[in-house]
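J.: If you read the sequence shown in my numbering, its first letter stands for residue 85, the second for the next number, and so on.
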Amino acid sequence: MVFKRIEMNGFKSFADPVAIEFTDGITCIVGPNGSGKSNISDAIRWVLGEQSPKMLRGGKMEEVIFAGTQSRKPKGMAEVTIVLDNSGGTLPIDFSEVALTRRMYRSGESEYQINRSPCRLKDIRELIMDTGMGVEGYSIIGQGKIADIVSNKMESRREIFEEAAGIVKYRSRKAESERKLEHASANLDRVNDIIGEIRGRIDGLADDSKRAEEYLVLRDRYKEVEINITLKSIESVSEKNEAVRQELIELNEAVAEQKSKREHLENQLRQKRKSAEELEQQTEELRNALTALSEEIYAISNRKELNRERLAALAREVDRLEGEHRALQEKLQREEANAEALRTSQKEVEQERMVREETLAEKEHIVRAAAETLNAREETLQTQKDRLFELTGKSAAEQSEIDSLLSLRATLIKRASQLESEGSTSDATDKVYARDLEKARNECDRKTEKIRALQKELPELESARKTLAERETRLKSDLSEKTLSLGRMSARKKLLEELESTYEGYGGSVRFLMQRKLPGIVGVVGELLQVPKGLEVAVETALGASLQNIVCRDDSCAKEAIGLLKESQAGRLTFLPLESIRTGRPSLPEKMKSAKGFLGVAADRVTCRNGGEKVLDYLLGRVILCQDLDSASEISRSYGGTFRFVTLQGDIINPAGAITGGSLRSNTGSILSRKAEIEELDGTLQNTGKEVLSVRSALEIVLKRLADGLDRIRETEELLRETEKDCAVRQSEIRQMEALAEHAAQSSLRRSLEQEDLKKEIGQADSSVNTLRDSLEAIREEIDLLNRSTGDLYDAIRDGKKELNDAFEAETAARVDLSNVSVRMESADVFRKRVEESLRQLREEVVQKEQARNSAEEQIRQLSEPSDREGTTLQEKEETRRQMEERLTELQKQRHEALREAEIMETERSNFEQELYTFQMRQREAEVKQAKFETQMETLKEKLWEEFEISYVQAMEFEAGTFVMSKALRESREIRDRIRALGDVNVGAIKEYQQVRQRYDFLREQQEDLTKAIDELNAIIEDMDTTIRKRFKESFDAVVENFEAAFTDLFGGGHARLSLEDPSKPLESSIEI
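#1: Is it buried or exposed for E64, if we count other Cβ within 10 angstroms and need 16 for buried?
#2: Alpha carbons only, please: which of T731, I634, E474 is nearest the one belonging to K601?
#3: Which residues share a DSSP beta bridge with S1143?
#4: Mind checking who A103 pairs with in its DSSP beta bridge?
#5: Bridge partners for A183 per DSSP, in chain order?
#6: Once DSSP output is grouped into helix, strand and coil, what is the label at Q197?
#7: Beta carbon of Y1036, beta carbon of A290: below 8 Å?
#8: Thinking just about the alpha-carbon of each residue, which of I212, C636, E319 is nearest to the one in I605?
#9: Do three or more CB pairs link the segment 259 to 278 to the segment 1092 to 1101 at distances below 8 Å?
#10: Using CA coordinates, which residue listed in Q502, D287, D1109, E1022 is at the minimum distance from E319?
#11: Assuming A1163 contacts T731 (C-beta within less than 8 Å), just tell me the rounded distance between them.
#12: Using a threshold of 8 Å, state whether the C-beta atoms of I497 and L804 are closer than that.
#13: Give me whichever residues DSSP pairs with R984 in a beta bridge.
#14: Under the assumption that V609 contacts V699 (Cβ atoms under 8 Å), give the Cβ distance between them as a whole number of angstroms.
#15: Apart from the five residues just before and just after L783, which ones in its own chain have a Cβ nearer than 8 Å to its Cβ?
#16: Would you say R796 faces chain D, with C-beta separation under 8 Å as the test?
#17: Give me, in chain order, the residues of the same chain whose beta-carbon lies closer than 7 Å to that of K307; leave out the 5 immediate sequence neighbours on both sides.
#18: Starting from the N-terminal side, write out each stretch of the beta strand (DSSP E) that is 3 residues or longer and does not extend beyond the segment 1031 to 1093.
#19: For T667, collect the residues of the same chain with a Cβ closer than 8 Å to its Cβ; drop the 5 residues on either side in sequence, then sort them by chain order.
#20: Have a look at the DSSP bridge pairing and note the partners of F150.
#21: Since C641 is in the alpha helix (DSSP H), which residue starts that stretch and which ends it?
#22: Can you give the beta carbon distance from A183 to V164, rounded, assuming they're within the 8 Å contact cut?
#23: Suppose contacts are defined by Cβ-Cβ distances below 8 Å. Is L1101 in contact with K96 by that definition?
#24: Under three-state DSSP, which class holds A1122?
#25: In terms of residues, what are the limits of the alpha helix (DSSP H) holding L597?
#26: Which same chain residues end up closer than 6 Å to Y189 when comparing Cβ atoms and leaving out the 5 residues on each side of it in sequence?
#27: Please confirm whether A760 and Q614 have their CB atoms less than 8 Å apart.
#28: State yes or no: is the C-beta of T107 within less than 8 Å of the C-beta of L538?
#29: From this set, H1139, E1030, E368, E420, which residue's C-alpha is nearest G746's C-alpha?
#30: Determine the contact status of K577 and L769, defining contact as a CB-CB distance below 8 Å.
#31: Helix, strand or coil for Q1158? Go by DSSP, reduced to three states.
#32: When you compare the segment 710 to 723 with the segment 680 to 695, are there three or more beta-carbon pairs, one atom per stretch, that lie closer than 8 Å?
#33: Can A825 and L492 be called in contact, C-beta distance under 8 Å?
#34: Leaving out five residues before and five after L1053 in sequence, what residues of the same chain have Cβ atoms less than 7 Å from its Cβ?
#35: From the DSSP output, read off the bridge partner residues of T744.
#36: For G607, which three-state DSSP category applies?
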């Protein structure tokens, strides 16, 4: 398998498509530095999958794309294709010719192809694996690669041998299998853990599921029984309530007359109480001032006690610092004694070192003397050899020079004749050069002026482009935000409209009837009402189940709808015929309208579409809206008896005084506000749509202006580049013309000088030949004399070398003794410095302890001074407190007197009210009865909603034909006992058990599949180990045999060997050379 051809387009310096054919034999690429030779080898590495920019002599991978020049634009893509001859079937692919292609764009995206079919980088690497042709293979040997192989770590050499043995793909597949095995084992462990966890839960969930199913059956029966009990109770209480209501109307008129008399007496009582409250306020202010003064006295006392304790603590701190100071002084004396002993020992070692240095100096002197003698003899020998070499060379040089001079003489004569002919043509050429040079200079000046104008225009265009780009960014951001908001509001409006059209939030009976679109049906109450924002909760609470009543035109429409409900078994509904419904709104007292917290009658604050005003009066004519529960309670006490009071939070005060309140779970508020929100969204969507169109129009204008600006910038830059290029060409032409003119002038001058020199040189050559012939004879005689003297010097040098070796051995022994003494001295010096550092630290600690003691003594002096001043202040505060206590006693006496007078007036009011007691008792008994009955009815209706989340009308659907209260109560009690016996019931356990059981069965199947996969992977890995070991051993033995033979051939002899560090582990052992 060989390379046949490489094709490059846009890769590094190859801007144009280039194809290089690799013919049989060796292909060499030659060229000057910077011509792109190395880019071809980089292209081969790159197309074979190299991912390191450093290996491609770059900083980023994008640098492989042609970057452009002054005359050419940069390329947007680099592509390299290498064609391989696969006629021998080396590559595992059914093609005799394989083309590998790699393409890269400036965006960073890469493409890989095999025979022009898209593939992955992994596919290319697997295709050429074990061929030695990969980026790390031995077929591509770069600079320093051989040195890396020889000098690198032994473990790293395995990569080359494994590539040659063809086991890389097996190792890769084995590693992939091991990764799969590890992943499968981890999954199996995780599945086993989950199965173990589920197995412990599944039995318990089965029991919970059975109990939950039994509970659901009991709950449904309990619901049916309880609803019938509640309906029967509501019917009984309603009859009693009607009788009490008639009695209460008569009593209310008498009570109103008595209230006016009571108000007059209460006004007088309020004046008395106000006087008592003013005295109470003065008393409270004085009491607060007295408390503050007592706290100040207490704080001063605490500070005195704290200062006393701090003085005692500081005294103890001074004693402690004194003791530590004495201990540090003693330790400092001991360390100074140790330092003195170390200095004495160091002096003794220094004396020994000086003796060893003198001995070494003597030995060095002997070595130098022997070396000087030997050097003198070698220098004499070298001088004679140099002289002999010099004379030999000089002899050959003089002979050569004689030959050269004779040749030179002939050449000089020939050159003289040439100069004569060249001089005749030089004058005409000089005139042509001068004319062309002047024309080129004028053209270059015009180009330079045009470049200055373009360079001035470019910054102005770029500034305008930046301004437009910033405007574009802002408009895009604004458009994105508004479009997103428009989408959210459209989705919300669509959702609300769908809910409105499907009557979502209403009962099943309402949806059934409204979807039939019967004639005469006006709509549902909740659909027809338009409630102002903020009143949704109050109106919802006031309406309750009436929110789902049906408004129809007349009684016939209602009868037809009821018949349809009965026929379809679709439940029960309440109908409000507009023609026959009777309304009666009581008049409002004028004072109630101005009462605090009064918001108005609910029927006046709400509107109803499609002519449903009578429905408002019927449902909300007696409902008063109040700000909160406090204001509703106050108004109901003064004007109650006829109206229901509802707060914005949904609390209700009934005419009899019963109060209903708490948290609300109903979501019907969304029903009331749905229409209003849809209308609000319509308006908002229209405004936002207009804003989107406006922003989009502005963005289009900016984009068009930006595109025009970019085109203008590109045109200007292109014109500037062309002009600069033309100017550079002209300047280059001018420089060439100037050089030619200068060269012509110099050539003319040189010809004249050369002709004169030639005449002199010919004469000198004749004279030099004669002189050299005489000198050559004398040199040959001196060479014979030097050859005889050189032999005697070789013998003398051999004896001098032996003497020098003996002197070297003696010097080495003396140097070792001196080194030992120096080491001892350095150790002593290090220990001495450590002791001196310890002394310095101890002295610093002594100074610190003295400073701390002085600081504590100064604090004692400062704390002693303010203690005396606070004693005087404390006495003054005590006297002020005594005076304030006397004033407080006096005010309390005055307040008690005012309260006594108020109690007298209270007694008078009680006597007056006693006269009306009998009449009021009758009224209250009636109110209590009515409140009791109404509360019972509301409680029973709320019970239906709270327990079963159905209204009274919807509960009528569950009404039994034959009903016995005693039997129903007994059955209800038995069902509650059975539910209680079940204990805590998790209804979700039914679905959870089904899900867990399904998951448990699925995980068991996964467990079996994973176990089977692990066994198969282990078998695959074992087979691969056997194949890898066998192929590596065969290949390594062949390489070992050829390595020694190749080494001998390359280096002309010698011996080399390859071996495994541990032959018993051929796949893990490192390779030694």
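Even glycine gets a Cβ: it sits at the ideal position worked out from N, Cα and C.
T.: Result, derived from the coordinates:
#1: Residue coverage of the chain in this structure runs from 85 to 1157, which leaves residue 64 outside it and unanswerable.
#2: Of the listed residues, the one whose Cα sits closest to K601 is I634.
#3: DSSP, once it has assigned bridges, lists E1156 as partnering S1143.
#4: Under DSSP, A103 forms a beta bridge with E91.
#5: The partner list for A183 (beta bridge, DSSP) reads V167.
#6: Here Q197 sits in strand by DSSP.
#7: Result no, Cβ atoms of Y1036 and A290 do not sit closer than 8 Å.
#8: When only C-alpha atoms are compared, the closest one is C636.
#9: Pairwise C-beta distances place the segment 259 to 278 in contact with the segment 1092 to 1101, as three or more of them are shorter than 8 Å.
#10: Selection Q502, D287, D1109, E1022 evaluated against E319 yields E1022 as nearest (Cα-Cα).
#11: Here the chain has residues from 85 to 1157 only, and residue 1163 is not among them.
#12: No, the pair does not count as a contact, with Cβ atoms beyond the cut-off.
#13: Beta-bridge pairing links R984 to no other residue.
#14: At roughly 7 Å, the Cβ-Cβ gap stays under 8 Å, so V609 and V699 are in contact.
#15: Within the same chain, L783 has close Cβ partners E556, L559, K560, L563.
#16: Of the protein chains in this structure there is only one, and it is not chain D.
#17: Within its own chain, the residues whose Cβ lies closer than 7 Å to the Cβ of K307, once the five positions on either side in sequence are excluded, are F1032, listed in chain order.
#18: Taken in chain order, the segment 1031 to 1093 contains no complete beta strand (DSSP E) segment of 3 residues or longer.
#19: If we look at T667 and ignore the five residues flanking it on each side, its Cβ neighbours are K698, D701, Y702, G705.
#20: In DSSP, F150 forms no bridge with anything.
#21: Boundaries of the alpha helix (DSSP H) around C641: 639 to 652.
#22: With 8 Å as the limit, A183 and V164 do not qualify as a contact, their Cβ atoms being about 11 Å apart.
#23: No, these two residues do not count as a Cβ contact at 8 Å.
#24: A1122 sits in a helix when the DSSP states are folded into three classes.
#25: Here the alpha helix (DSSP H) through L597 covers 592 to 600.
#26: Cβ-Cβ distances below 6 Å link Y189 to M161 in the same chain, with the five nearest sequence neighbours on each side left out; the list follows chain order.
#27: Contact check for A760 against Q614 passes: the beta carbons are separated by less than 8 Å.
#28: No.
#29: Per the Cα distances, E1030.
#30: Result yes, Cβ atoms of K577 and L769 sit closer than 8 Å.
#31: Not covered by the structure: residue 1158. The range shown for the chain is 85 to 1157.
#32: Judged by Cβ distances under 8 Å, the segment 710 to 723 makes contact with the segment 680 to 695, as three or more pairs qualify.
#33: Their beta carbons are not under 8 Å apart, which means A825 does not touch L492 by this criterion.
#34: Closer than 7 Å at Cβ, skipping near neighbours: I313.
#35: In the DSSP secondary-structure assignment, T744 is bridged to I736.
#36: G607 falls in the strand class under three-state DSSP.
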